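Student: My structure is below; once you've seen it, I'll send some questions.
In our numbering, the protein residues as written are 85 to 198.
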């Protein structure tokens, strides 16, 4: 399997679990095991907003592209992700940026004249 990643500015999250030719994307399972070699599922034919472009099986290997959501200032690893070649079964290790640490609000003491 080869999964290309297409970065996109989005505030939602993506979680993908692979089990053979089945991808579970944010809880919805998509089984590509019946796609024969040389066949293509055209762009838009799969009811999943995360899969963009066609899904193909070439030389026995599944090829597809997923949207990779990112925040306003993505790191280079997220903005320019490398494709996942032969990812193992389980949750995919997608590049991501941790949320920014919140800066504590420091309140000024009240000015009491006295």
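Built from N, CA and C at the ideal position, the CB exists for glycine as well.
These figures come from a predicted structure and were not determined experimentally.
I'd like the span of the alpha helix (DSSP H) that includes residue 161, first residue to last.
Tutor: Position 77 of the chain shown, counted from the start, is the residue given in the question as residue 161. Counting along the chain, the alpha helix (DSSP H) containing residue 161 begins and ends at 160-163.
Student: Taking just the CA atoms, how far does residue 143 sit from residue 117?
Tutor: As a working mapping, residue 117 is identified with position 33 in the chain shown. As a working mapping, residue 143 is identified with position 59 in the chain shown. Straight-line Cα distance between these residues: approximately 14 Å.
Student: Alpha carbons only, please: which of 123, 173 and 191 is nearest the one belonging to residue 102?
Tutor: Numbered from its first residue, the chain shown carries residue 102 at position 18. Out of 123, 173 and 191, 173 has the C-alpha closest to the C-alpha of residue 102.
Student: With respect to the beta strand (DSSP E) encompassing residue 153, which residues constitute its N-terminal and C-terminal limits?
Tutor: Position 69 of the chain shown, counted from the start, is the residue given in the question as residue 153. Where residue 153 is concerned, the enclosing beta strand (DSSP E) stretches over 145-154.
Student: Give every residue of the same chain whose Cβ lies closer than 6 Å to the Cβ of residue 127, excluding the five residues on either side of it in the sequence, and list them in chain order.
Tutor: For the purposes of this step, residue 127 is taken as the residue at position 43 of the chain shown. Around residue 127: 137 and 138.
Student: Count the other C-beta atoms from every protein chain shown that fall within 10 angstroms of the C-beta of residue 100, then say buried if there are 16 or more, exposed otherwise.
Tutor: Position 16 of the chain shown, counted from the first residue, corresponds to residue 100. It is buried - the Cβ of residue 100 has at least 16 other Cβ atoms within 10 Å.
Student: Tell me the DSSP secondary structure of residue 174 in three-state form.
Tutor: On the chain shown, position 90 is the one that residue 174 refers to. Reduced to three states, the DSSP call for residue 174 is strand.
Student: Taking the Cβ atom as the reference point for each residue, do residue 177 and residue 171 lie within a distance shorter than 9 Å?
Tutor: Here residue 177 refers to the residue found at position 93 when the chain shown is read from its first residue. Here residue 171 refers to the residue found at position 87 when the chain shown is read from its first residue. Yes, they are a contact pair.
Student: Taking C-alpha atoms, which residue in 133, 112, 154 and 147 lies nearest to residue 122?
Tutor: Position 38 of the chain shown, counting from 1, holds the residue named residue 122. Among 133, 112, 154 and 147, the Cα nearest to that of residue 122 is on 147.
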